[in-house]
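See structure below.
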Amino acid sequence: MALNENEILAGLAEIVNEETGVETDAVEMDKSFTEDLDIDSLSMMTIVVNAEDKFGVRIPDDEVKNLTHVRDAVNFINSNQG
Amino acid sequence: MSTPKANQPALTIPPAVQHARIHGLGSYRPERVVSNAEICENIDSSDEWIQQRTGIIERRFAAPDESIIDMSEAASLQAMKQAGVTADDIDFILFATISHPYQTPAAAPLLAIRLGITSPGALDLSAACAGYCYGISMANDMVRSGSAKYVLVVGVEKLSDYVDPHDRGSAFIFADGAGAAVVGPSDFPGIGPTLYGSDGDKWDNIVQKDSWLNLREAIENPESGLTPRWPYIEMKGQSVFRWAVFSIAPIAKKTLEASGVTPDQLDAFVPHQANMRISDAMVKAMKLPEDVPVARDIATTGNTSAASVPLAMHRMLQAGDAPSGGLALQIGFGAGLAYAAQVVVMP
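Top line first, the protein sequences correspond to chains A and B. For the record, in the first sequence the residue sitting at position 36 is 541 according to this note's numbering, with numbers rising by one throughout. For the record, in the second sequence the residue sitting at position 331 is 1493 according to this note's numbering, with numbers rising by one throughout.
Shown next as structure tokens:
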């Protein structure tokens, strides 16, 4: 069954926390991965791959650069989840 | 199915040898140490940023007049000395590099002349960062099939000639150095099965910017609109990271299984020194036990492509971080994209 936005956000926050140690509460929709959460490009790739596994979506390399904010990632997963 | 023609002799083939191993290992690091601060004279970056993204503190660059032949000669002499062989014993040279500055001829025959090896089989291998591990695999097969007794495998790069010092995506990664191994017959299996493969869909992830034909067009035809420029190597770091960690780490595990070795039985894990972050992520993805020593030569050597695996292993052996006679999983991966991995008994 498809997850709603809040469920995706919660799942994504867990992945971000595991990779970077950023508190899950800090992973909010309007936060920038790089500017606010201090996540670099390589950690972002790890988060992307783990999100693919968790949500059953495919996030191509070329798409990753468009996922600048948490909201972008949640929306992409929401639109593409199986 | 064709069958041999009647009344002709069966072909004579050399007797096969059951096992092969690495008898000797050598390495060469250029004298000049290049700090992150020096790299940052040409790019908008910092020592802290480079260390955090790559684990590289410093790297070595060859002198302007120091060639890949010079560097590989030094590494080869060490490997031959440890193996206890002379130039007369070497039948074949497999020379892995992407920084030989001639389209043709190959570099391998030049090295043979330097080492005094008379008329060996000699050719270059173009598999970038996987080249040395491909070479070990091919040398193993040649020795075991009986087509060569001792094979000299070289991995060498002078990437400072091919990396744009102003490219913020690659200038701080690549460096220069050489490693060499002598592979020969053995009483025990010293080189396990090699798992290899490639992914041409990602051909442009690490690539020479322009082909030689584009360079010729730019020089000979000013109206083409092309700018004559040195065809530096460029890299899509994020994509390579993803491939290396999430596609290659499972290969590493399969390589252990193919050799009948469990992760806790390893005395060393020697991944290509691409980026410390890649090595760390691979270790995590493989669930490698914490007490298995991991090669971290990149910190002071940088990414030396084909040379990185023998350089890293040699340093571990010399420093006592890995035991002679112990088992190491070595894995090369990079431009192609291509990879090759095997478990070896360290010399």
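Backbone N, C-alpha and C define an ideal beta-carbon position, used for all residues, glycine too. From a predicted model like this one, the values you see are computed outputs, not experimental measurements.
Name the DSSP beta bridge partners of isoleucine 1395 of chain B, please? For the purposes of this step, residue 1395 of chain B is taken as the residue at position 233 of the second sequence. Per DSSP, B:Gln1370.
Kindly confirm or deny that the region 1321-1333 of chain B and the region 1164-1175 of chain B touch, where touching means at least three C-beta pairs closer than 8 Å. no
Three-state secondary structure (DSSP) at glycine 561 of chain A? In the first sequence, counting from the first residue as 1, residue 561 of chain A sits at position 56. If DSSP states are grouped into helix, strand and coil, glycine 561 of chain A belongs with coil.
Element boundaries [alpha helix (DSSP H), containing glutamine 1213 of chain B]: Position 51 of the second sequence holds residue 1213 of chain B. That run of the alpha helix (DSSP H) goes 1209-1216.
Just the Cα atoms here: how many angstroms apart are alanine 1502 of chain B and proline 1355 of chain B? Taking the first residue of the second sequence as position 1, residue 1502 of chain B is located at position 340. Taking the first residue of the second sequence as position 1, residue 1355 of chain B is located at position 193. Answer to the nearest angstrom: the Cα atoms are 10 Å apart.
Would you mind giving the Cβ-Cβ distance between aspartate 1459 of chain B and alanine 1474 of chain B, rounded to the nearest angstrom? I have them listed as a contact below 8 Å. Looking up residue 1459 of chain B in the second sequence gives position 297. Looking up residue 1474 of chain B in the second sequence gives position 312. Rounded, the Cβ-Cβ distance is 4 Å, consistent with contact.
Taking only beta-carbon positions, decide if phenylalanine 1408 of chain B is within less than 7 Å of chain A. Start at 1 with the first residue of the second sequence, and residue 1408 of chain B comes out as number 246. Output row for phenylalanine 1408 of chain B: interface = yes.
Simplified DSSP assignment, three categories, for glutamine 1492 of chain B: In the second sequence, the residue the question calls residue 1492 of chain B occupies position 330. Residue state, collapsed to three classes: strand.
Beta-carbon neighbours of valine 569 of chain A, restricted to chain B and to distances below 8 Å: As a first step, residue 569 of chain A is located in the first sequence; it is residue number 64 there, counting from the start. Neighbours of valine 569 of chain A on chain B, chain order: Gln1400.
Contact between the region 1401-1412 of chain B and the region 570-584 of chain A: three or more CB pairs below 8 Å? no
Start and end of the alpha helix (DSSP H) containing serine 1307 of chain B? Counted from its first residue, the second sequence places residue 1307 of chain B at position 145. 1293-1307 is the extent of the alpha helix (DSSP H) around serine 1307 of chain B.
Do you know offhand how far valine 1445 of chain B's Cα is from alanine 1411 of chain B's? Against the second sequence, residue 1445 of chain B aligns to sequence position 283. Against the second sequence, residue 1411 of chain B aligns to sequence position 249. Taking the straight line joining both Cα atoms gives about 8 Å.
Selection of the region 529-543 of chain A by Cβ proximity to chain B, strictly under 9 Å: none
Through-space distance from lysine 536 of chain A to leucine 1450 of chain B, alpha-carbon basis: For the purposes of this step, residue 1450 of chain B is taken as the residue at position 288 of the second sequence. For the purposes of this step, residue 536 of chain A is taken as the residue at position 31 of the first sequence. If I take the Cα positions, the gap works out to 34 Å.
What are the residues that DSSP puts in a beta bridge with asparagine 511 of chain A? Counted from its first residue, the first sequence places residue 511 of chain A at position 6. Beta-bridge pairing links asparagine 511 of chain A to no other residue.
Between which two residues does the beta strand (DSSP E) holding lysine 1320 of chain B run? Start at 1 with the first residue of the second sequence, and residue 1320 of chain B comes out as number 158. 1312-1320 is the extent of the beta strand (DSSP E) around lysine 1320 of chain B.
Glycine 1387 of chain B versus alanine 1380 of chain B: straight-line alpha-carbon distance, rounded: If you number the second sequence from 1, residue 1387 of chain B lands on position 225. If you number the second sequence from 1, residue 1380 of chain B lands on position 218. Each residue's Cα considered, the two are about 7 Å apart.
Using a 10 Å radius around the Cβ and a threshold of 16 neighbouring Cβ atoms, would you call alanine 507 of chain A buried or exposed? In the first sequence, counting from the first residue as 1, residue 507 of chain A sits at position 2. Classification for alanine 507 of chain A: exposed.
Opposing strand residues paired with aspartate 1338 of chain B [DSSP bridges]: Taking the first residue of the second sequence as 1, we reach residue 1338 of chain B at position 176. The partner list for aspartate 1338 of chain B (beta bridge, DSSP) reads B:Lys1320.
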